[in-house]
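Going by the UniProt record's numbering, the sequence shown opens with residue 1, and the numbers climb by one from there. Worksheet: one structure, shown below.
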Amino acid sequence: MLPLLKKTSPLFFSNYRKEKILFIAFVLFGLNLGFGQFAVTIENANGPEDAGAIALSATLDNDVEGGFTVQISTTDGSATLNDNDYVGIAGRTLTFDGTAGETVNFTVTPIADATEEPDETLVISMENLGNTTLTVDISDTATITITNDDACTAGNVAPVLDGSVDTIFCDIFAQDLDEYTNSLAPAGSDLRWSTNPDITETDDYLETSFTSIAGTYYGFFYDQLNDCTSPSFNVTLTSNTTPSSGVANNVAACTFAGGASTIDLDDQLAGADTGFWTSLDLPQNVIGPDNEVSFLFRPLGEYRFRFTTNGAVAPCNNQATELVITVIDCFELCNAGTTAPVLDTSEPTVFCDEINANLDDYVISNPPPNSQLRWSTDPNVLPPNLNSGVIVTNAASYFGYYYDEDNNCRSPLITISLQLFTSPEVINTTGETRCGPGTLILEASASDSGFLNWYASPTGGSVIGVGSSFETPFISETTSFFVEATANGCSSERTEVVATVNPLPFVGTPTNTIACNVLGNEDPTVIDLDDTLTGEDSGSWSIVTDLSGGTLVIGSGNTVDFENLPTGNYVFEYTTDGAIAPCTDSTVQVIIFVSNCLFDTDNDGLSDSEENDLGTDPNNPDTDGDGLTDGEEVLVVDDLSTPLIPENMTDPLDSCDPFLTPACNPDPIDLALAKTVNEETVLLNREVSFTITLENNTMDRVIDIVVNDLLGAGFDYIAHTASKGLYDPITGDWSIDNIIPEEILTLEITVTVLEIGTLTNTATIISTFPIDTVENNNVASASVEVIPSPCQTPGTLCNIFSPNGDGFNDTLKLVDPNNEFEDARLEVFDRYGNSVFKMDSYDSSWDGTGDNGELPKGTYFYLLDLKDGSEVTKGWIQIIR
């Protein structure tokens, strides 16, 4: 908190009527005492957000002759104008006839929305008492509670699964998850999907309803405005894999001796999953148990065998591959070998729009010696009609083998079947435009039988939608999406389709203000309307309420001059002009209250102009309702119409200044305790003094402080001195009315120590207002070590003395209570063995002086002869100065 400004402070004003008031208030805590014999009160009220206006009433308690007027205004609480929670009121006039018990009704209108939120509040206050010279208390306020009647639009019922839609796929798929339910989303919500069973984790929501990945998905209705969901249902997508029947390597077998006549069919198949063989040209029993076939004595020619997989899981199907075994006469010379060329399965056989293929690229093996790779369009004709390295451009089946030109023979062959398809095209696209964030519907069409896929990028990425109509994810800015047409493995180039989001023009945040209708005292008569808005887009101003009868005009630069215009509320409206369809321009209103700033309307000692500077109400002599008028608090001049007298300058806008009460709910403070003792070691039955220091570590005033320092059994109270407050030695309470910011207070307590040993005295802060939350410095202790006096046994010396002239322990005492040792002889030596004092018949009078004056403080040694027949004693003496 800041300290109070004194009227003489350089930060204040030197000439009050010529200089503007500079006021730096600090928040203390106040008491609303009220004043006057007439009062208007407003009852608190509440009502649902969507049920229309909330009714309120203002009630007058006693008769006011001639009646009066008062204005009411709303102030934001948790309900705010910026959030469009309610329709604000600024200076609405209520007229009272002046009859006791009279009630004037009015309403406040909430603005309905679909947002689920806590109950919200706003405050109604009164100001600008008019048409009476009597003092009417209008300090009462009312709290209006707008009760929330919105609920999550997603509802509490999960979507219902449509079990008739396939969930099992084969290989690659793209599935619209929305097809798994026929349930309609409640108004204000959308059907959404997540990969996480915890559907409150929005980061796991799918952007669209399309997926090409197997797994479990959770569907639910989602209310984006309130970020809430319905219960969910789930669907699990499974993707099975088509089994591979492998790649056959056609070979030859010998019908007679001279080469291999038995062929293991499994050895001629590469990359196959499990399955079985069947013979297409021979009886089935020719295949042995290990899938071996003997061709011994078989007629020359080709024999076909088919391998079929048996592990397919629906909807995938089993696959088949044919193997051709050519039976030859191995005694005939042929350098082409008995094995077909090895096929390169990575080369494409399906082409889009054109074929330009080198057939040799489909073979990865080398020809046997004296043979070459050749191609033919007819497998039964030799020599071949195509050379090696041939480039083909037609869709057809091509047969390749190793050819022995000298002997006009060939190896077993491979077949390459090339297919040609025409790529589809994206014919038409249609984007969409909306105002503000949301989803949009994009459309496209394809040629022939093309199927449309939608993407978020021009290349790469996964499919986010399929079909001619695509609903975008929720977007807040213009975004490009891309569509391609696909058929028979051929795809078009992707075409951009734009989802346009036009921004809603921002009308700005309004601030109502005041103006003067008379020049003087530096208060404005001219207001720049643009200064009453913050963050607005481009637009223009218009006049809504004109009390001048047409004199009021908006000048250049949107300035308005209120000089000589009637007092009251002038309303202006700002309308944006940059809206792009389908957005529309927005409006907001600003109220400017015009008053005569040169007069003291409420007779509180401050002019209306000065009250405008301070922020106090020029129509209410006690703006904060604490019992002191605004003038008393600022000028520190007593007003005889109030029972209270100001002591110093206080804040006229703070009902807790200067009257501090728990109702003010002040911030916590920090007081710190410290404690010291003047002697840490002391003889029994001697005096010591404890000093307690209390320091205010904050810039806040603290009241009602109690520090407890109750003396224990080892101490006997003698006296105390407090720099402030009262100390009660019986209860131990040090009571302090107040301590100002950074003030330091002390309490000194003098006691006699009564017990030997370590005695501790502790002080504790018991209570403060405001509360002290820093507890580690609220307790302080100091300890003293009490030792017994050596001066007890007759015939001994009190070997510690302090010859400082204070009348206490100034000489070296010989304990002789019964005068038994009047002849005793004493001699004292320094640490070097030099005699510094000696005396016969020692009478306890030595004060620590030697031949040359006072001896230095320190330790000395003595010889004591009591002259009673006992042995001479020796010991040490301590001189303390």
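Glycine is no exception: its CB is placed at the ideal position from the N, C-alpha and C atoms.
Measuring alpha carbon to alpha carbon, tell me which residue in the options is nearest residue i.
i	options	result
ILE138	ASN131, GLY389, SER125 and THR132	SER125
GLY714	ASN776, TRP734 and GLU687	GLU687
PRO643	ASN358, VAL123, ALA312 and GLY627	GLY627
GLU775	ASP290, ILE766 and VAL637	ILE766
SER595	THR567, GLU611 and ASP613	THR567
THR326	SER411, PHE837 and THR202	SER411
residue 883	ASP830, GLU748, SER735 and GLY625	Residue 883 is absent from the model: the chain starts at 1 and stops at 881.
ILE718	ASP709, ASN708, GLY725 and PRO729	PRO729
GLU322	SER376, THR415, ASP528 and SER164	THR415
PHE256	ILE554, GLY853 and ASP329	ASP329
LEU413	ALA252, THR472, ALA55 and ASP76	ALA252
ARG92	THR80, SER73 and PRO197	SER73
ILE800	ASN761, TYR862, ASP851 and ASP290	TYR862
GLU610	THR551, ALA395, ILE514 and ILE554	ILE514
LEU711	THR681, THR762, GLU695 and LEU673	THR762
LEU533	GLU573, PRO503 and THR525	GLU573
VAL70	GLY77, LEU134 and ASP119	LEU134
ASN105	PHE297, ILE54, TYR180 and THR758	ILE54
LEU161	SER183, VAL779, ILE144 and ALA151	SER183
GLY275	TYR303, THR309 and ASP264	THR309
GLY875	ARG306, LEU797 and GLU854	LEU797
THR472	ARG192, PHE659 and THR661	ARG192
If residue i sits next to residue j, beta carbons under 8 Å apart, how far is it from one beta carbon to the other, in whole angstroms?
i	j	result
PHE470	LEU442	5 Å
THR147	ASN46	6 Å
VAL293	THR262	7 Å
GLY130	PHE38	Incorrect: roughly 14 Å between the Cβ atoms, too far for contact.
SER844	LYS813	5 Å
LEU56	VAL123	That pair is no contact at about 12 Å.
THR500	THR439	Contact doesn't hold; Cβ gap of about 13 Å is too wide.
Here's the rule I'm using: 16 or more other beta-carbon atoms within 10 Å means buried, otherwise exposed. How should residue i be labelled?
i	result
MET699	exposed
ASP505	Before going further, note that residue 505 is Pro rather than Asp in the sequence given. Its Cβ being crowded by 16 or more others within 10 Å, PRO505 is buried.
VAL872	exposed
VAL544	exposed
PRO646	buried
TYR832	exposed
LEU864	buried
GLN726	Checking the sequence shown, residue 726 turns out to be Leu, not Gln. By the neighbour-count rule (16 or more Cβ atoms within 10 Å), LEU726 is not buried but exposed.
ASN619	buried
ILE580	exposed
ASN834	exposed
SER346	exposed
LEU343	buried
VAL466	buried
THR601	buried
By Cβ distance below 7 Å, which residues in the same chain neighbour residue i in space, the five residues on each side in sequence not counted?
i	result
SER230	ALA154, GLY155, ASN156, VAL157, ALA158, PHE220 and PHE221
THR676	THR691 and ALA782
LEU373	PRO341, ASP360, VAL363, PRO367, SER388, GLY400 and TYR402
SER423	CYS352, ASP353, CYS490, SER491 and SER492
VAL426	ALA444, ALA446, VAL483, GLU484, ALA485, SER492 and THR495
LEU81	GLY88
Go through its chain and collect everything with a Cβ distance to residue i's Cβ below 6 Å, but skip five positions before and after it.
i	result
THR59	THR41 and THR103
SER480	GLU496 and VAL498
LEU576	According to the sequence as given, residue 576 is Thr; it is not Leu. Within the same chain, THR576 has close Cβ partners PRO505, VAL507, ASP537, GLY539, ASP585 and SER586.
PRO788	LEU684 and ILE756
ASP639	THR629 and GLU632
LEU420	PHE351, ILE355 and ALA395
ALA312	PRO243 and ASN318
ASP190	TYR222
THR236	THR216
Enumerate in chain order the residues of its own chain whose CB-to-CB distance from residue i is below 8 Å, with the five nearest sequence positions on each side excluded.
i	result
LYS867	PHE821, ASP823, ALA824 and ARG825
Cβ of residue i within 7 Å of any heavy atom in the ligand SAH?
i	result
GLY130	This structure lacks the ligand SAH, and indeed carries no ligand of any kind.
Using a beta-carbon distance below 8 Å, is residue i in contact with chain D?
i	result
THR262	The structure shown contains no chain D, having only a single protein chain.
task: Assess, as a yes-or-no matter, whether the segment 471–486 is touched by the segment 398–418 under the definition of 3 or more beta carbon pairs within less than 8 Å.
output: no
- prompt: Is it true that the segment 661–677 meets the segment 758–770, where meeting means three or more beta-carbon pairs spaced less than 8 Å apart?
  reply: yes
message: Tell me whether the segment 455–462 and the segment 374–391 touch, counting them as touching only if at least three CB pairs, one residue from each stretch, are closer than 8 Å.
response: no
- prompt: How about the segment 237–253 and the segment 488–503: do they share at least three Cβ pairs that are nearer than 8 Å?
  reply: no
field: Stretch-stretch touch, CB-based, cutoff 8 Å, three pairs: the segment 170–181 with the segment 205–216
entry: yes
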